[in-house]
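Undergrad:
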Amino acid sequence: MSSLGSAWQFRTARRIRSDDVIHTLTELFVLNGVPEHIRSDNGPEFTAKVVRDWLERVGVKTLFIESGSPWENGYNESFNGKLRDELLNREIFYSLKEVQILTERWRKEYNTIRPHSSLGYRPPVPETIMPALRLVANPR
Numbered sequence: 026m027s028s029l030g031s032a033w034q035f036r037t038a039r040r041i042r043s044d045d046v047i048h049t050l051t052e053l054f055v056l057n058g059v060p061e062h063i064r065s066d067n068g069p070e071f072t073a074k075v076v077r078d079w080l081e082r083v084g085v086k087t088l089f090i091e092s093g094s095p096w097e098n099g100y101n102e103s104f105n106g107k108l109r110d111e112l113l114n115r116e117i118f119y120s121l122k123e124v125q126i127l128t129e130r131w132r133k134e135y136n137t138i139r140p141h142s143s144l145g146y147r148p149p150v151p152e153t154i155m156p157a158l159r160l161v162a163n164p165r
């Protein structure tokens, strides 16, 4: 999620249409390059024919998880659970703007401050920008 930037607020909406998905993916592809494939559930945002046709035209394969099998997309399901537990279930949102602001604040904390057990209890962003340390054998 760290590279989602301005695309994040665009996706915070009452309704997400196929054009919204295409515009958001276009922005992400420009920022990060075109991926070989996208793995998603069978939600209407990614199964829409116009989205599938567009992904095919730009050379991205789709990998849909089996219906009723959230464990096939474990990273997303884990993230969605944390988002729900740490933000959505704790707030009452009175406007879409409030959703956008609080979600962006949570995203920044999640990516830059919050420790992640899979990264040795470090936040992900510093991990992605730090050069990999190479262990060198002691020449003695």
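Numbering-wise (my numbering), the sequence shown opens with residue 26 and increments by one. For each residue, glycine too, the CB sits at the ideal point set by N, CA and C. In this text the structure is predicted, and so the values were computed from the model without any measurement.
Buried or exposed: where does N136 fall if 16 or more other Cβ atoms within 10 Å of its Cβ makes it buried?
TA: N136 should be labelled buried.
Undergrad: In angstroms with no decimal places, state the Cα-to-Cα distance between E52 and V59.
TA: So the two alpha carbons sit approximately 10 Å from each other.
Undergrad: In the DSSP assignment, find the alpha helix (DSSP H) that holds R64 and state where it starts and stops.
TA: Premise fails: R64 lies in the beta strand (DSSP E), 62-65, not in any alpha helix (DSSP H).
Undergrad: Apply the 10 Å Cβ neighbour rule to L144 and answer buried if 16 or more other Cβ atoms are within range, or exposed otherwise.
TA: Looking at its Cβ environment, which holds fewer than 16 other Cβ atoms inside 10 Å, L144 is exposed.
Undergrad: For the candidate residues L112, S142, I47, whose alpha-carbon lies nearest to that of E70?
TA: The option with the nearest alpha carbon to E70 is I47.
Undergrad: From the DSSP output, read off the bridge partner residues of L88.
TA: Looking at the DSSP assignment, L88 forms a beta bridge with R64.
Undergrad: Looking at the secondary structure, which residues open and close the alpha helix (DSSP H) in which N114 lies?
TA: Segment: none, N114 is in no alpha helix (DSSP H) and carries neither H nor E.
Undergrad: Start and end of the alpha helix (DSSP H) containing P148?
TA: Here P148 belongs to no alpha helix (DSSP H), and DSSP marks it neither H nor E.
Undergrad: Please name the residue or residues paired with H141 in a DSSP beta bridge.
TA: Answer is R147, bridged to H141.
Undergrad: Is the Cβ-Cβ distance between V85 and I63 less than 9 Å?
TA: Yes. Within cutoff.
Undergrad: In chain order, what residues of the same chain lie with their CB nearer than 7 Å to the CB of P148, ignoring the 5 residues before and after it?
TA: The answer, listed in chain order, is N136, T137, I138, R139, P140, H141.
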